[in-house]
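Worksheet: one structure, shown below.
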Amino acid sequence: MAKRENWGSKLGFIMAAAGSAVGLGNIWKFPYTAGENGGGAFVLIYLFFVVVIGFSVMLAEFAVGRRKQLAAVGAFKSEDRRWTFAGALGVLSALLIMGFYPVVGGWSLAYVGKVFTGLLSAPDAIGTTFDSFITNPFVPLMWMVGYLVLNIMIVVKGISTGIEKAGKVLMPLLFGILIAISIKGLTLPGAMAGMEFLFKPNFSVVNPSVVLAALGQAFFSLSLGMGIMITYGSYLPKHENLVSNAAIVTVMDTAVALLAGIAMFPAMFAFGITPAQGPGLVFVVVPTIFAEMGGMGTVFAGLFFIALSVAALTSSVSLLEVVVAYLIDEKGFNRPKAVVTASTVMVALCVLASLSLGDVGPKLFGKGAFDVFDLLTDKIFLAFGGFFVSIFAGWKLSKSDLKNEVTNGGSVKFAIFNVWYVLIKFIIPLTILWVAYGGIKEGFESGAGPIMIIGLVIIAITGIFSRKL
Ligand code: PHE
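Quick note: the sequence shown uses the numbering used here, first residue 93, plus one each step.
Following this line, the structure appears as structure tokens:
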């Protein structure tokens with residue numbers, strides 16, 4: 093059997109895993125979700141979930157992947173065929189996320205161009221420019237395809253040469269730009285109100301759907317619950333410390349999300365813009381903020397959208413890789429054929445998602461494809477993916493096997509192994525069920541309930557049919 097490709101270096105792995113985690117989820121989704129869910133209390137619950145559930149599930153995924161040195165589906169299936177569905181669900185989530193993620197990635201690319209061709213010179217028109225851009229049937233499609241082509245170019249080159257090189261160059265650049273924007277925002281008069289909104293919890297706005305949104309955000313942002321970290325872990329050499337790798341990736345991802353919040357909210361409050369802007373937040377608010385800053389604003393805004401595109405790219409590459417790794421490991425495709433097959437399906441889904449924003453195309457319970465893909469993955473599939481990984485690690489694997497994998501046969505010190513084990517075995521699965529139950533119940537009031545139930549039905553169907561995969 094051919095030796096499995098390994099990461100070129102530890103830094104390369106961290107950069108690629110953090111590159112997967114840090115993306116539109118941190119810079120596009122986190123700020124608008126925090127804004128829509130009332131700020132501080134949401135942020136606090138999100139942070140709690142990241143530390144307790146996110147870190148633990150990431151460690152479990154690394155361990156499950158490296159143990160068998162197989163990607164998502166293979167790692168489950170080689171243990172027990174009845175578990176194939178957990179991997180299959182991950183591949184399905186990756187496909188569905190790639191049904192809308194490249195649409196937003198395409199917006200980001202388009203905005204690099206827009207910023208440098210005069211978007212900021214008419215600040216009052218920025219909101220309408222965004223609306224007419226995303227509802228246009230053709231232009232966003234072209235950007236989406238351009239964005240996907242960039243993904244294909246990276247993934248087709250294979251794991252260590254493609255993904256790793258891209259991550260190494262692009263991640264530090266992103267971090268630097270965000271820090272620069274944050275400093276700029278914090279020095280504006282009135283900026284502190286934004287910090288208060290973001291960090292001072294007001295628990296009276298918390299309801300079960302805020303809690304589910306925080307859980308979904310934690311999974312989405314950390315790239316958990318769908319086999320990404322299983323797949324990446326499968327490429328890790330046996331001597332690597334899984335605990336410290338999981339901790340580093342979790343901290344980096346969370347730092348970038350908080351930094352994105354600090355880059356946006358203080359400046360928004362300084363300029364009197366309301367926080368509940370929805371998915372247009374970065375695309376409307378950031379250019380507006382920079383437009384009001386005069387000349388340097390164009391440069392800052394340009395850098396911002398370059399950073400956003402870069403962050404998006406290193407994430408979507410990992411999503412594409414989940415599907416590609418599945419086709420290679422389980423279906424015997426060669427890499428180019430796997431990439432072409434996966435991205436063809438993704439383009440089709442993205443076309444539906446993009447058109448739905450202009451109110452074109454089919455609807456499900458009154459929601460367009462973009463919202464349906466987002467709801468299904470973020471609120472249902474990822475949380476249940478995390479649930480299944482925890483059950484698998486906690487109940488299917490023996491405690492000693494798991495301990496062996498996590499501590500490299502006893503050579504890595506992990507003092508709280510037992511705490512982590514209880515979390516994975518009992519507390520995390522129960523918490524996920526409880527949060528999902530509350531969120532779905534509440535979801536019926538906002539019209540999202542039926543789609544969430546469809547998500548559960550899809551999970552059940554995957555469970556029944558995936559043994560054939
Ligand atoms: N974590 C990525 C982000 O924050 C998105 C993502 C989700 C990537 C799930 C892979 C898996 O943008």
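Every residue gets a Cβ at the ideal spot worked out from N, C-alpha and C, and that includes glycine.
Fill in: Where K455 sits in the DSSP three-state scheme
coil
Discussion item. Can you look up A94 in the DSSP assignment and give me helix, strand or coil?
Written reply: Only weak support is given to the placement of A94: the predicted model assigns it a pLDDT of 46, under 50, and the question is left unresolved by the model.
Fill in: Where N562 falls, given that 16 or more other Cβ within 10 Å makes a residue buried
The requested residue 562 does not occur in the structure, where the chain is confined to residues 93 to 561.
Discussion item. Once DSSP output is grouped into helix, strand and coil, what is the label at Y327?
Written reply: coil
Worksheet item: Whose CA, out of S148, T209, G555, lies closest to the CA of N337?
Response: S148
Worksheet item: Within the structure, which residues are defined as neighbours of the ligand PHE by a Cβ-heavy atom distance below 6 Å, reported in chain order?
Response: S112, A113, G115, L116, G117, N118, I189, F312, S313, S315, M318, I320, S407, S410, L411
Worksheet item: On the three-state DSSP scale, how would you describe T499?
Response: coil
Discussion item. With H, G and I counted as helix, E and B as strand and the rest as coil, what does DSSP make of F230?
Written reply: coil
Item to complete: Below 8 Å on the Cβ atoms is my guess for A349 versus S313; work out the distance and round it to an integer in Å.
Response: 6 Å
Worksheet item: Any idea what DSSP makes of V527, helix, strand or coil?
Response: helix
Discussion item. Going by C-alpha to C-alpha distance, which of M544, I269, I106, F396 sits closest to V204?
Written reply: Considering only alpha carbons, the answer is F396.
Worksheet item: In chain order, which beta strand (DSSP E) runs of at least 3 residues are fully inside the region 442-488?
Response: none
Discussion item. Using 7 Å as the threshold, is the C-beta distance between T406 and G191 below it?
Written reply: Not a contact, by the Cβ cut-off of 7 Å.
Worksheet entry | Complete runs of the alpha helix (DSSP H) confined to the region 370-408 [at least 4 residues] | For the region 370-408, the full-length alpha helix (DSSP H) segments reaching 4 residues or more read 373-383 along the chain.
Practice prompt. With distances taken Cα to Cα, identify the nearest neighbour of V297 among E128, K517, F506.
Written response: E128
Practice prompt. Leaving out five residues on either side along the sequence, give the residues of the same chain with a beta carbon under 7 Å from the beta carbon of N299.
Written response: E534
Worksheet item: Under three-state DSSP, which class holds G191?
Response: coil
Worksheet item: Taking the alpha-carbon positions, what's the M385 to T523 distance?
Response: 45 Å
Fill in: Whole alpha helix (DSSP H) elements within the region 125-165, 4-residue minimum
Counting only runs of 4+ residues, the alpha helix (DSSP H) found wholly inside the region 125-165 occupies 132-141, 147-160, in chain order.
Discussion item. Assuming S313 is part of the alpha helix (DSSP H), what are its boundary residues?
Written reply: Segment 300-313, the alpha helix (DSSP H) holding S313.
Fill in: Anticipated Cβ contact below 8 Å, P194 with S401, distance rounded
Going by Cβ atoms, the distance from P194 to S401 rounds to 11 Å, so no, they are not a contact pair.
Worksheet item: Can you give the Cα-Cα distance for F154 and F557, rounded to whole angstroms?
Response: In this structure, the alpha-carbon of F154 lies about 26 Å from that of F557.
Fill in: Start-to-end residues for the alpha helix (DSSP H) that takes in D345
334-362
Practice prompt. Please look up how many angstroms separate the CB atoms of V498 and F509, rounded, as I've assumed it's under 8 Å.
Written response: 7 Å
Item to complete: Check whether the region 420-437 touches the region 205-219, counting contact only when three or more Cβ pairs, one atom from each stretch, lie closer than 8 Å.
Response: no
Discussion item. Rounded to whole angstroms, what is the Cα-Cα separation between G268 and A552?
Written reply: 44 Å
Worksheet item: Roughly how many angstroms lie between the CA atoms of A475 and L447, to the nearest whole one?
Response: The straight-line gap from Cα to Cα measures roughly 27 Å.
Worksheet item: Alpha carbon to alpha carbon, how far is E288 from G130?
Response: 11 Å
Worksheet item: Can you give the beta carbon distance from F311 to G478, rounded, assuming they're within the 8 Å contact cut?
Response: 6 Å
Fill in: L334 versus L270 - alpha carbon distance
28 Å
Worksheet item: Do you know offhand how far D172's Cα is from A164's?
Response: Each residue's Cα considered, the two are about 13 Å apart.
Worksheet item: Taking the Cβ atom as the reference point for each residue, do V414 and I520 lie within a distance shorter than 7 Å?
Response: No, they are not a contact pair.
Worksheet item: In terms of residue numbering, what span does the alpha helix (DSSP H) encompassing A113 cover?
Response: 102-113
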